[in-house]
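For reference, the structure is listed below as C-alpha cells.
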Amino acid sequence: MKGYKDCVIKVDLTTSSIKKEKLNQEYIKKYLGGEGYGIALLWYEMPHTADPLSPENILSFNTGPMTGTPTPSASRMSICFMSPLTNTIGASNIGSHFGAELKFAGYDSIVFTGKSEKPVYLVIDNDKVELRDASHLWGLDTRETTEAILDELGKEFKVCCIGQSGELLSSLACIFSDDCFAGRGGAGAVMGSKNLKAVAVRGTGKIEIADKDKFMAAFKDAYRQVREEAYTWGPVHGYGTPAWVGGADDCGLLPTRNLIQNQFDGINNVLPYQLWNNTDKYKITRRTCYACQLGCHKFVVMGDVEVGEMEYETLAAFGPRCGVDDYESICMAGYYTTIYGIDTISGGATISAIMEWYEKGIITKEHTDGLEMNFGNGSAMVEMVRKMCLREGCGDLYADGSYAAAKKIGGKAMDYVMAVKGMEISATDPRGASSMTIAFGTSERGACHMRPYAATIDAFGYLYPDLGITENKDPFNDAEDKTWLKALKECFVVTNLLGICDFNVINTEMKPSTMAELYTAITGFEIDKYELLRTAERTIALERALNYQRGFRRADDRLPKRFMTEPAFGGPPKGRVVDMETALDKFYEACSFDKEKAIPTPEKYAELGMEDVASVIYDEVSLENSAASLD
Amino acid sequence: MKPGAIKIRVNEEVCQGCRTCEAVCSLIHKEAVSPQVRGIQVKELDEPGNFKLTVCQQCFDMPCAEACSIGCITRNVYSGAVEIGEECIGCEACIEACPYDAIVMTDLDGELKAFKCDLCGGLPECVPACPRNALSW
Chain A
0 MKGYKDCVIK VDLTTSSIKK EKLNQEYIKK YLGGEGYGIA LLWYEMPHTA
50 DPLSPENILS FNTGPMTGTP TPSASRMSIC FMSPLTNTIG ASNIGSHFGA
100 ELKFAGYDSI VFTGKSEKPV YLVIDNDKVE LRDASHLWGL DTRETTEAIL
150 DELGKEFKVC CIGQSGELLS SLACIFSDDC FAGRGGAGAV MGSKNLKAVA
200 VRGTGKIEIA DKDKFMAAFK DAYRQVREEA YTWGPVHGYG TPAWVGGADD
250 CGLLPTRNLI QNQFDGINNV LPYQLWNNTD KYKITRRTCY ACQLGCHKFV
300 VMGDVEVGEM EYETLAAFGP RCGVDDYESI CMAGYYTTIY GIDTISGGAT
350 ISAIMEWYEK GIITKEHTDG LEMNFGNGSA MVEMVRKMCL REGCGDLYAD
400 GSYAAAKKIG GKAMDYVMAV KGMEISATDP RGASSMTIAF GTSERGACHM
450 RPYAATIDAF GYLYPDLGIT ENKDPFNDAE DKTWLKALKE CFVVTNLLGI
500 CDFNVINTEM KPSTMAELYT AITGFEIDKY ELLRTAERTI ALERALNYQR
550 GFRRADDRLP KRFMTEPAFG GPPKGRVVDM ETALDKFYEA CSFDKEKAIP
600 TPEKYAELGM EDVASVIYDE VSLENSAASL D
Chain B
0 MKPGAIKIRV NEEVCQGCRT CEAVCSLIHK EAVSPQVRGI QVKELDEPGN
50 FKLTVCQQCF DMPCAEACSI GCITRNVYSG AVEIGEECIG CEACIEACPY
100 DAIVMTDLDG ELKAFKCDLC GGLPECVPAC PRNALSW
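From first to last, the protein sequence lines stand for chains A and B.
For the first sequence, numbering that gives the first Met the number 0 assigns the number 0 to the initial residue and increments by one for each residue that follows.
For the second sequence, numbering that gives the first Met the number 0 assigns the number 0 to the initial residue and increments by one for each residue that follows.
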C-alpha cells in the first residue's frame, strides 16, 4: 500500500541489536497506523502489566500514512509507551520535521525495547541504522544535545532527544524535537529509563502517492476548509494558540489558581497582544512543523533568552493557573521546561497545587526550600520549576507531578490535586463545558486536552455537519445525549492514526470525508469516513482494554471532588457543579461501554472484529452469554 | 547573468518554513514526495524563524544552458521557463554554472539527473499552496 513505507526498525537496547521488519499488516488493517500501531504493539507484544520504567516497556515512534505528504500539517508522529505518570497507556503526539524525515529515510516506525547498559543514541541515515555511544551527551539539556548531534552528523539531520529531566526519570519528562514536544505522560522518562538519549534521522528517499490528481484535488479542498474557518485562519494563525486565552476566560473555561476560579482577574496582562506587540522586549518569529499551514508555533526570544514556543497551554499553566500575570515569569518558566524537557501543562499544574498546599498550610517553607509559594509569586514559581526539572532540593518531591507528591505529603494534600488517573487537567475548566467533564474523565491517558477538545462544540457553539453535529449542544447539561462526543473523540483520534495535527479538526475545519478522500488518494485503498472513524473506535477500545488489564475501572474516570462540590466561580457557568455519574453514564451508553468495567461490551468488541481482545479481558461465561444474545 | 521577469517571486519575511512548497513541487513532478526533488528550497538560517528561499530566476541569458554539456537545457516557448530535457546525463555542469544554486541533483528515478523549477508548465502549483502567501509569480 502506498503512503506507508512498509518498514519498521526494531531496536533491542539490551543486546544492541537492530532489525528491520515489514509492517504488521494485521495492525494496519485494524488500527491504520500512527497511535493505533503503537498501541497494538503494546497489547500484542508486551506483558500487559509491565512496569513503565522497566526494560519490558515498548517505546515506539509511529508515523501515519499521511505523515510527510503535503496534507495540511502532516508532520505528526505518535510516541506510544506505558506511562510512568499514570500507569495507563501513553500516547503522545509530536510535530516538527522529524516524522516526515523518518518517512523519507524509509521507515514507518521505530520500536525500542530493553535497556541499554550505557547511554546511547540512535542514528538513522537512510539505509544505515546504528547505535552510538552517548556518554558525551548525557547531562546536556535539550538544545545542547541537539546542537552537539548536529555538529557531529551534519545540519540536515532531525533530532528527537530528552533533557536532564528525562535522564532523572521525572514522570513529567517529555521528548523534545526542534522546540516541539511529545509532552504528556512521561515519554521522556521512558526514554531515560532505557538509557536512550536521542534519535537522529536523515532521509532523502520518497513517499509514493497512489493517485496524484485525486490527491491534489482533495488537498485543495482540505486547504480551503482550514482557510475558511475564521478563527483558525485569523487569530490562531496570527498569534498562535495563546489566541484562545481571551475566549476561554470569557466563557469561564480558564483554570485560575489551581481551578479554585475559572476566570482570571489579571487577564488583560496575559492577553497575547501584550507579548506580541511588546516588541522592545520580545522578538517573535514563526517557525512551523512540516507541511503546516496554521503555524501555531511561534518562537519567542526575550532579551538573551531563547524561550522557545509559547503555547496556550504553557501560558495558561504558568499564568492564570498559578495566578501569575507577568509574561516575563511565564516565559522563564517556559524556558526551563523547554531546555530541561518537562511537560508544561503538568509542570504548571504541579506548581499551582504546591501554591494551594502552601496557602492552605498543608506544606510549609520546609517543603519549598524557603520559597514563598503564594499564588501570583512569579519569581518563586520560576525557581521552583527549575528545582523540579533538576530534582534539586525540594524539587525532588514534586518532580513526578502533583499526584505523586500528594501521596508522599499525605493528609489532605490529595484533595487539591486536579488530576485524573494521575495526569493533571489541562487548561480548560470542566465546569464550563459538560463535554470537557467527560473528555478529561474518560481520556485513556489521563486528563488530556485532546481527547477530544470538545468545548469548541458545546461552549463555543461550533457545528460539525460532516460528523453529524448539526445543532448546538448545551454546555451545562450533563444528562444530554453524548453520541456526538463519541464521534468527535474518534475524529480527534483519527488524526493521530493518520499522522496529521489535531488542529485540523479543533475548530471543526477539515471534514472527515475529506480525510478519507486524502487517505484513499495516498494509499490507493478505498475507505470512507465511517470506516475511518471505526479504526479510531477500535484504537480506543484497545486502549481501554489495556487500561482495564492494569486495573482501571469506572472510578478512575471520575474528576477530582472539587468539580462536584465547589460551584464555578464566574462567567456563564457560574454556580455550576458537575454531575459526574450522569455524565459518565451518558457517555458510556453512547460508546456501548460496560458501565462498571468502563470498557466496550463483548458485543461491541465483536462488532469491531476484536473478539481476540474481548476473550482476554472477559471471562468465558460472559462471552458465552454475549454470543447467545447476539444469536 | 540576467534574471528573468516571469519567475517565482518570494517574500522571505513571511515564510514560516513549513516546506509545503517543496513537497508539492516533488509531488507534481514525480508522483512522490521527496526532499531530493525541489524546484524551490527552504533553508532555515542561524537565527530561528528566519528562512532563505532559493528558486530559479529563469535567467534571460541562461548560464545553465550555456554550461550544459549536451545542450539539453532550453526555454519552453509557451511558459517561458528554462527547462532541463529528459536526455540529461547528470554531469552537474549546470549546477556549477547556476549563480543562484537553484538546481539540485536527484536519482529518484534511478538515474542521476538535474532538476529545477519549470513553472509547472506555466501555472506554478507551489504558489497557491503556500499558506503564508510568501510566493507569487
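Note that beta-carbon positions come from the ideal geometry of N, C-alpha and C, so glycine has one too.
These numbers were taken from a predicted model, which means no experiment stands behind them.
Please report the residue range of the alpha helix (DSSP H) in which residue i lies.
i                : result
ILE266 (chain A) : 266-269
ALA332 (chain A) : 326-339
GLN24 (chain A)  : 24-30
VAL615 (chain A) : 610-616
ILE123 (chain A) : Where ILE123 (chain A) is concerned, there is no enclosing alpha helix (DSSP H), although the beta strand (DSSP E) it sits in stretches over 119-124.
PHE214 (chain A) : 211-226
TYR587 (chain A) : 579-590
THR534 (chain A) : 528-548
Just the chain B side, please: which residues come within less than 7 Å of residue i by C-beta, in chain order?
i                : result
CYS291 (chain A) : CYS17
THR144 (chain A) : Neighbours of THR144 (chain A) on chain B: none; closest Cβ ~17 Å, over 7 Å.
ARG285 (chain A) : GLN15, GLY48
LYS211 (chain A) : LEU26, GLU30
PHE502 (chain A) : Simply none; closest approach about 12 Å.
PHE298 (chain A) : PRO47, GLY48
If the cut is a Cβ gap below 9 Å, which residues of chain A does residue i touch?
i                : result
GLN35 (chain B)  : PHE103, THR203, GLY204, LYS205
VAL126 (chain B) : Those do not exist, as VAL126 (chain B) stays about 13 Å from chain A at its closest Cβ, beyond 9 Å.
LEU44 (chain B)  : Near LEU44 (chain B) there are no residues of chain A at all, since even the closest Cβ is about 11 Å away, more than 9 Å.
Just to confirm my understanding: we take residue i, look at its own chain, exclude 5 residues before and 5 after, and list those with CB closer than 7 Å. What are they?
i                : result
ALA286 (chain A) : Ala is not the amino acid found at residue 286 (chain A); the sequence shown has Arg there. The answer, listed in chain order, is HIS296, PHE298.
ASP630 (chain A) : Only weak support is given to the placement of ASP630 (chain A): the predicted model assigns it a pLDDT of 48, under 50, and the question is left unresolved by the model.
Are the beta-carbon atoms belonging to residue i and residue j less than 9 Å from one another?
i                : j                : result
ALA315 (chain A) : SER425 (chain A) : yes
ILE38 (chain A)  : ALA90 (chain A)  : yes
VAL189 (chain A) : ASN56 (chain A)  : yes
LYS481 (chain A) : LYS560 (chain A) : no
HIS448 (chain A) : ALA438 (chain A) : yes
THR695 (chain A) : THR313 (chain A) : The structure shown has nothing for residue 695 (chain A), since chain A only spans 0 to 630.
ALA133 (chain B) : GLN15 (chain B)  : yes
GLU166 (chain A) : GLY191 (chain A) : yes
ASN503 (chain A) : THR455 (chain A) : no
ALA290 (chain A) : GLY67 (chain A)  : yes
PRO254 (chain A) : MET309 (chain A) : no
MET509 (chain A) : GLN163 (chain A) : no
SER77 (chain A)  : GLY445 (chain A) : no
LYS407 (chain A) : LEU396 (chain A) : yes
With DSSP collapsed to three states, give me the class of residue i.
i                : result
GLN262 (chain A) : coil
GLY307 (chain A) : strand
ARG444 (chain A) : coil
LYS42 (chain B)  : strand
PRO571 (chain A) : coil
ASP630 (chain A) : With a pLDDT of only 48 at ASP630 (chain A), under 50, the local geometry of the prediction cannot be trusted, and no value is derived from it.
ASN495 (chain A) : helix
ILE93 (chain A)  : strand
GLU82 (chain B)  : strand
VAL32 (chain B)  : strand
TYR289 (chain A) : coil
LYS114 (chain A) : coil
ASN61 (chain A)  : strand
GLU391 (chain A) : coil
Mind pulling the chain A residues with CB within less than 7 Å of residue i?
i               : result
VAL23 (chain B) : PRO69
List the residues of chain B whose Cβ lies closer than 9 Å to the Cβ of residue i, in chain order.
i                : result
ILE208 (chain A) : LEU26, GLU30, ALA31, VAL32
PHE156 (chain A) : Under the 9 Å cutoff, chain B gives no residues; its nearest Cβ is about 12 Å from PHE156 (chain A).
GLU516 (chain A) : What GLU516 (chain A) touches in chain B: nothing, since even the nearest Cβ is about 16 Å away.
The beta strand (DSSP E) with residue i in it runs from where to where?
i                : result
GLU470 (chain A) : Element bounds for GLU470 (chain A): n/a, residue is neither H nor E.
CYS125 (chain B) : Here CYS125 (chain B) belongs to no beta strand (DSSP E); instead the alpha helix (DSSP H) covers 125-128.
Whose C-beta lies closer than 6 Å to the C-beta of residue i among residues of the same chain, with five residues either side of it excluded?
i                : result
GLU124 (chain B) : VAL23, ILE27
SER78 (chain B)  : LEU118, GLY120, GLY121
LYS573 (chain A) : ALA567
TYR617 (chain A) : PRO601
LEU517 (chain A) : THR70, ALA217
CYS590 (chain A) : LYS485
So which residues of chain B does residue i contact, with C-beta pairs closer than 8 Å?
i                : result
GLY233 (chain A) : Here the premise fails: no neighbours, minimum Cβ distance about 13 Å.
PHE175 (chain A) : The premise fails here: PHE175 (chain A) is roughly 14 Å from chain B at the closest Cβ pair, so nothing lies under 8 Å.
GLY294 (chain A) : GLN15, CYS17, PRO130, ARG131
Spatial neighbours of residue i within its chain, please: CB distance less than 8 Å, with the 5 preceding and 5 following residues excluded, ordered by chain position.
i                : result
ILE526 (chain A) : ALA515, TYR518, THR519
At a Cβ cut of 7 Å, what residues of the stretch 93-127 of chain B count as close to chain D, listed as they run along the chain? Here chain D cannot be found, since the structure's protein chains are A and B.
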